[in-house]
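A short worksheet on the structure shown next.
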Amino acid sequence: MNTARTVGVWSLALAVAFLAGSAVEQWVPSARLDLATPTLTPPTGRVTIEVRNAGGVAGAARGATERLRSIGYDVVRFGNDDTFGLDSSVVVDRVGNLELAGAVAQALGIREVESRPDSTLFVDVTVRLGASWSPSGSREASDGRSGWLARLFGRLR
Numbered sequence: 003m004n005t006a007r008t009v010g011v012w013s014l015a016l017a018v019a020f021l022a023g024s025a026v027e028q029w030v031p032s033a034r035l036d037l038a039t040p041t042l043t044p045p046t047g048r049v050t051i052e053v054r055n056a057g058g059v060a061g062a063a064r065g066a067t068e069r070l071r072s073i074g075y076d077v078v079r080f081g082n083d084d085t086f087g088l089d090s091s092v093v094v095d096r097v098g099n100l101e102l103a104g105a106v107a108q109a110l111g112i113r114e115v116e117s118r119p120d121s122t123l124f125v126d127v128t129v130r131l132g133a134s135w136s137p138s139g140s141r142e143a144s145d146g147r148s149g150w151l152a153r154l155f156g157r158l159r
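Each residue of the sequence shown is one higher than the one before, counting from 3 in the working numbering.
Below, the structure is given as structure tokens:
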């Protein structure tokens, strides 16, 4: 009985810590770039991109891949994300070049760009497509903030 109680207390403590961390992250600013108008500028040099369907819309990753390749980007991987449930799309810079990620975002009509460098992925940019993205290139309706559920799914990835 004592062991079960200890496990329960630790589980509760971890859950509270996780929720507190989620709440605090709302107020911590991150490197973001808000884009106003899309342009279809071909890349200068090789830009490697992975496209992930994080919204659960069938064919979204393929549609984005075709659009990026038609412009001249090198999409090296595309497919489903580890989790679905993301509503608004986000383009993630993986090499510390926010402007490069911004150009990819403009090509897809995505407003949100973040910088999270990660050299283990071997790509310059990761595109995480939310449920509101469509291959027609129309802008996503966004007020610049994603909901707590989208941030939770993004953190669990």
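By construction, the Cβ of each residue, glycine as well, lies at the ideal position given by its N, Cα and C atoms.
Rounded to the nearest whole angstrom, the CA to CA distance from residue 120 to residue 4 is 43 Å. Considering only 18, 67, 124, 58, the residue with the shortest C-alpha distance to residue 138 is 67.
Residue nearest to residue 88 within the set 131, 110, 69 is 131 (criterion: CA-CA distance).
Secondary structure of residue 5 (DSSP, three-state): helix. Note on residue 82: under 16 other CB atoms within 10 angstroms of its CB, so exposed under the neighbour-count rule. Scanning the segment 52-122 from its first residue to its last, the whole alpha helix (DSSP H) runs of 4-plus residues come out as 62-73, 100-110. Distance from the Cα of residue 75 is smallest, within the candidate group 86, 46, 98, for 46. Cβ-Cβ separation between residue 106 and residue 93: approximately 5 Å, consistent with a contact (criterion under 8 Å).
Straight through space, the alpha carbons of residue 18 and residue 9 are spaced by roughly 14 Å. Note on geometry: alpha-carbon atoms of residue 7 and residue 15 lie some 12 Å from one another.
In this structure residue 12 is exposed. Its beta-carbon is surrounded by fewer than 16 other beta-carbon atoms within 10 angstroms.
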